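Here the structure is laid out as structure tokens; the discussion comes afterwards.
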Amino acid sequence: MSDNGIIGIRQVARVSRRQMLAVMAGGTAALASFRSAAAAGKDKVTMFGWDGYQAGLMATSNLADQNIELAFAAMNNNDEIITRLASGGGDIDLITPYMGYVPLLAAAGLIQPIDDALVPNLQKVSELFRDDRNILIDGKRYAVPFTWGSGAMIYDPAVIKSAPTSWLDVLKPEYAGKVGMADDPLGNLLLAAMLTTDAEVPTRLTREQLDKAIAFLVKLKKEHVRQIAVSFGELADALARNEVRITFSGGEFIKKYAADKGKTVEFTYPKEGTFAWLDVCALSATSRNTAAAHKVLNEMIETKSQLALAKETVQGICNQDAIAALDPSLKIYPYDNLADFGSKAKFYQMPPLEAADGIMTWTDWQEAYEGFKAA
5 MSDNGIIGIR QVARVSRRQM LAVMAGGTAA LASFRSAAAA GKDKVTMFGW
55 DGYQAGLMAT SNLADQNIEL AFAAMNNNDE IITRLASGGG DIDLITPYMG
105 YVPLLAAAGL IQPIDDALVP NLQKVSELFR DDRNILIDGK RYAVPFTWGS
155 GAMIYDPAVI KSAPTSWLDV LKPEYAGKVG MADDPLGNLL LAAMLTTDAE
205 VPTRLTREQL DKAIAFLVKL KKEHVRQIAV SFGELADALA RNEVRITFSG
255 GEFIKKYAAD KGKTVEFTYP KEGTFAWLDV CALSATSRNT AAAHKVLNEM
305 IETKSQLALA KETVQGICNQ DAIAALDPSL KIYPYDNLAD FGSKAKFYQM
355 PPLEAADGIM TWTDWQEAYE GFKAA
């Protein structure tokens, strides 16, 4: 997946659950098929996800050996998952959403439970990812985790000799005009809420709390930020040019991106913590071939597939055998202490899609963020 896509992982739809159910109840025709007919005798499985997520599956002959033909269609944003599934699903069998989507998709009946017994490679996945509460709902599994990362702080050790300890360090006078951030509404607002509000869950904000988070971002932008990058690749470029020395949010993969440009950077998890993201594979409620789809789910977290995925995307992987076999240049994530990582980076649900109890919706967040960008 491209670095633009990594930002897109955390983007969620503006459509509400009511609107999704209205589409379903209205009998909208299923989307036209976007795959060609499979070869004679092959089991057909179609996956809809971020470009690059098919890399691991294509790296081995395992699916072909099981008489499965995979058709992959790339999505541009997470909105498309809801649009396609709520419109009937077409011939989609598998999707790769951000884990924060899963409870909503399950409640709307757009995905179906997965049989763990048919995905034996789950036993090779760390409990931190395998048993995330967003994908295990009422005792049922609705998704298989396969790649992850977090909003880590990136800094330049040539200038900043010791790892910063707080996100508020970006406000230090010596970093004025040297701070970089990605154009990531969810990540930036979530972090700002963690720093400026007393919200128990930083994606469940009142209007006052959301306004505080925006005010912090505006101050940061006006007084300290050098660049709001449209992609993490662009942010790595700014670090490589020594224009940016420290970031607000970021991602572990930036260390590899910068190294490829000849620049050494490091990442850290400040004391306030940060958010983590987990991309998963889920089974469409309208899948026509659940048996073959389960085999694909198992292959998503097979050792060789995970190694190929790490090489393609420079993202975290979940299979412990694959982690042990990683090339050192790709072993940039805190694989040796995932429990400690889990205490510093949390998997948060996305903001609600419908208003309730004075909590701001995702649409409210997006509108507020546009105000920040215009400030």
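According to my numbering, the sequence shown is numbered sequentially starting from 5.
For every residue, glycine included, the Cβ atom is placed at its ideal position computed from N, Cα and C.
Every value quoted in this text rests on a predicted model; they were computed, and no experiment measured them.
Taking all protein chains shown into account, do 16 or more other C-beta atoms lie within 10 angstroms of the C-beta of residue i, making it buried, or fewer, making it exposed?
i      : result
Ser1   : In this structure the chain extends from 5 to 379, so residue 1 is not present and cannot be described.
Thr268 : exposed
Ser333 : exposed
Pro124 : exposed
Val205 : exposed
Cys285 : buried
Lys259 : buried
Ala362 : Rather than Ala, the amino acid found at residue 362 in this sequence is Gly. Exposed: under 16 other Cβ atoms inside 10 Å.
Arg88  : buried
Val163 : exposed
Asn192 : buried
Asp283 : buried
If residue i and residue j are in contact, beta carbons under 8 Å, what's the gap, nearest whole angstrom?
i      : j      : result
Val300 : Leu98  : 6 Å
Gln353 : Lys128 : Not quite, the Cβ-Cβ distance comes to about 26 Å (not below 8 Å), so this is no contact.
Leu209 : Phe279 : About 14 Å; that fails the 8 Å criterion.
Ser170 : Lys275 : 6 Å
Thr145 : Ile118 : It is Arg, not Thr, that sits at residue 145 in the sequence shown. That belief holds up - the Cβ atoms of Arg145 and Ile118 are roughly 5 Å apart, short of 8 Å.
Tyr261 : Ala240 : 4 Å
Phe257 : Met103 : Not really, about 18 Å apart at Cβ, beyond 8 Å.
Gly277 : Met157 : With 8 Å as the limit, Gly277 and Met157 do not qualify as a contact, their Cβ atoms being about 11 Å apart.
Between which two residues does the beta strand (DSSP E) harbouring residue i extend?
i      : result
Glu212 : Note, Glu212: premise wrong, no beta strand (DSSP E); alpha helix (DSSP H) at 211-227.
Gly53  : 47-53
Phe236 : From DSSP, Phe236 is part of no beta strand (DSSP E) but of the alpha helix (DSSP H) over 236-244.
Gly184 : 183-186
Ile250 : 250-252
Ile72  : 72-78
Ile158 : 157-159
Trp281 : 278-288
The alpha helix (DSSP H) spanning residue i covers which residue range?
i      : result
Ala59  : 59-62
Pro149 : Where Pro149 is concerned, there is no enclosing alpha helix (DSSP H), although the beta strand (DSSP E) it sits in stretches over 148-154.
Leu109 : 106-111
Glu270 : Careful: Glu270 lies outside any alpha helix (DSSP H), inside the beta strand (DSSP E) at 270-272.
3 or more residues per run - each beta strand (DSSP E) lying fully within the region 312-356:
349-351
Do the region 294-309 and the region 229-248 touch if we need at least three Cβ pairs shorter than 8 Å?
no
Touch test, the region 100-109 against the region 68-75, Cβ-Cβ under 8 Å, three pairs minimum
no
Touching by the beta-carbon criterion (3+ pairs, under 8 Å), the region 183-197 and the region 284-297:
no
Segment contact flag, the region 214-226 with the region 150-160, C-beta cutoff 8 Å, min 3 pairs:
no
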